[in-house]
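Shown next, in structure tokens, is the structure this report addresses.
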Amino acid sequence: MKWTLLYALATVLIPIGTIGAQDWSGIPLPVAAGHTEEWQLIPEFSDSFNYRGKGKRFTKRWRDTYFKGWSGPGLTEWDAGHSAVADGHLIIRASRKEGTRRVYCGVVTSQAPISYPVFIEASIRVSNQVLSSNLWLLSEDDRRELDILEIYGGDRPDQRYYATHASNNYHIFVRDSSNRILENLSDPSHHTLAGEVPYRRDFHRFGAYWIDPWSIDIYLDGKLVRRLRLEPDDDPDGVGLDRPMYLIIDTEDHAWRSEKGIVATDEELADDEKNIMLVDWIRTYRPRQ
1 MKWTLLYALA
11 TVLIPIGTIG
21 AQDWSGIPLP
31 VAAGHTEEWQ
41 LIPEFSDSFN
51 YRGKGKRFTK
61 RWRDTYFKGW
71 SGPGLTEWDA
81 GHSAVADGHL
91 IIRASRKEGT
101 RRVYCGVVTS
111 QAPISYPVFI
121 EASIRVSNQV
131 LSSNLWLLSE
141 DDRRELDILE
151 IYGGDRPDQR
161 YYATHASNNY
171 HIFVRDSSNR
181 ILENLSDPSH
191 HTLAGEVPYR
201 RDFHRFGAYW
211 IDPWSIDIYL
221 DGKLVRRLRL
231 EPDDDPDGVG
241 LDRPMYLIID
251 TEDHAWRSEK
261 GIVATDEELA
271 DDEKNIMLVD
281 WIRTYRPRQ
């Protein structure tokens with residue numbers, strides 16, 4: 001596959017009425033903005049990927065690395081050379097790290113963290129791999145996480161369940177002074193398409209309205225599929241998802257799968273029809289103050 005690099009733009013809040021040129025124009029927001037019934041686009045967390053290269057327009061919003069020094073979970077090795085923008089899409093690619101079992105994966109992270117109340121939605125075609133395709137948020141201190149999308153989209157017959165069940169979740173991590181996880185509090189939920197069609201076959205819209213520290217609504221193709229409500233008892237600190245988090249788009253190998261032998265093969269990773277996750281656009285809004 002020939003790789004052409006392209007990239008994104010903007011910073012400052014702008015009213016919803018000025019975004020007609022964006023790829024999501026004409027797709028109504030599936031959620032009302034509380035009592036105001038008005039939304040403002042947040043350009044630094046929104047992108048149509050209709051430009052060339054990871055230059056200044058891209059780096060105003062995104063970095064092509066994880067926001068910390070971590071190389072990734074399991075066999076993952078995040079690599080800046082495995083993301084690109086071409087043909088109107090953000091491309092997240094995977095490949096074998098030669099001579100090892102490790103997998104190079106693309107990752108794109110927002111330049112800055114974002115906090116509630118916000119509605120985030122992206123149009124994504126997940127990769128055809130046993131790796132996970134992800135849209136998620138993580139706090140600077142690694143203690144709060146919101147997963148809008150996590151799915152293993154590969155076409156292996158014994159992996160069909162995972163390819164048809166997109167997951168969303170929250171995590172509250174209790175960590176020690178070395179950042180080791182002592183407890184992982186979470187509540188995953190899974191959603192299927194009509195007829196349990198695999199998600200990899202087409203683009204789908206994955207969204208979340210992060211209302212406050214205790215309330216997140218999850219959307220699939222514009223439909224509300226989950227009202228996630230945390231209680232103070234769900235969090236030892238009693239604060240919920242209370243802090244800003246970075247927005248992350250990536251693919252990953254997960255140890256709980258690779259340790260069972262569910263590992264992407266060299267052949268799968270070399271197939272450019274299988275090894276890419278595509279993002280057509282991502283949009284982020286907050287209620288007008």
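Take the sequence shown: its position 206, counted from the start at 1, is 206 in the UniProt record's numbering, and no numbers get skipped. All C-beta atoms, glycine included, are put in the ideal place defined by N, C-alpha and C. Note that the structure is a prediction, hence the values are computed from the model and not measured.
| Asked | Found |
| --- | --- |
| Using a Cβ-based criterion (distance less than 6 Å to any ligand heavy atom), does Y219 qualify as near the ligand ZN? | Absence of the ligand ZN is noted for the structure shown, with no ligands found whatsoever. |
| Name the DSSP bridge partner or partners of F206? | A122, L220 |
| For L5, name the three-state secondary structure that DSSP assigns. | A caution first: L5 carries a pLDDT of 30, below 50, which makes its placement in the model too unreliable to give a value. |
| Quick one: is W136 buried, meaning 16 or more other Cβ sit within 10 Å of its Cβ, or exposed? | buried |
| Between I148, R52, V174, which lies nearest to S83 when the distance is taken from Cα to Cα? | R52 |
| Which residue's Cα is closest to the Cα of G207: S25, I120, S177? | I120 |
| If you follow the beta strand (DSSP E) that R283 is in, where does it begin and where does it stop? | 276-287 |
| When the Cα atoms are used, what is the spatial distance from residue 295 to G26? | Lying outside 1 to 289, the shown extent of the chain, residue 295 is not represented and no answer is given. |
| How big is the Cα-Cα spacing for S189 and Y209? | 16 Å |
| Tell me the rounded alpha-carbon separation between Q159 and V130. | 8 Å |
| I86 and L269 look like a contact to me (Cβ under 8 Å); what is the Cβ gap, rounded to whole Å? | Note on residue identity: the sequence assigns Ala, not Ile, to residue 86. In fact, because the Cβ distance is near 19 Å, the residues do not count as touching under 8 Å. |
| Can you check which of these residues, F49, P113, R102, is closest to I248 by C-alpha distance? | P113 |
| Closest to residue 315 by C-alpha separation, out of R286, P43, I151, G99, would be which residue? | The chain is shown from 1 up to 289; residue 315 falls before or after that span and cannot be answered. |
| For the structure I just gave you, are there three or more beta carbon pairs, one from the segment 169-179 and one from the segment 192-206, closer than 8 Å? | no |
| Across which residues does DSSP place V85 in a beta bridge pair? | L90 |
| Between the Cα of D23 and those of V263, I276, D47, E259, spot the shortest distance and give me the residue it belongs to. | D47 |
| Within the same chain, show all residues whose beta-carbon is closer than 7 Å to that of V126, passing over the 5 residues directly before and after it, in chain order. | S133, I151, G153, Y199, R200, M277 |
| If contacts are defined as beta-carbon pairs under 8 Å, then L146 and I216 qualify, I think. What distance do you get, rounded to the angstrom? | 7 Å |
| Quick check on L230: does DSSP put it in helix, strand or coil? | coil |
| Rank D142, G74, D202, V239 by C-alpha distance to the C-alpha of E273 and give the top, closest one. | D202 |
| Measuring CA to CA, which of G238, D271, H254, R205 is closest to T284? | R205 |
| Per DSSP, what are the beta-bridge partners of Y116 in this structure? | DSSP lists no partner for Y116. |
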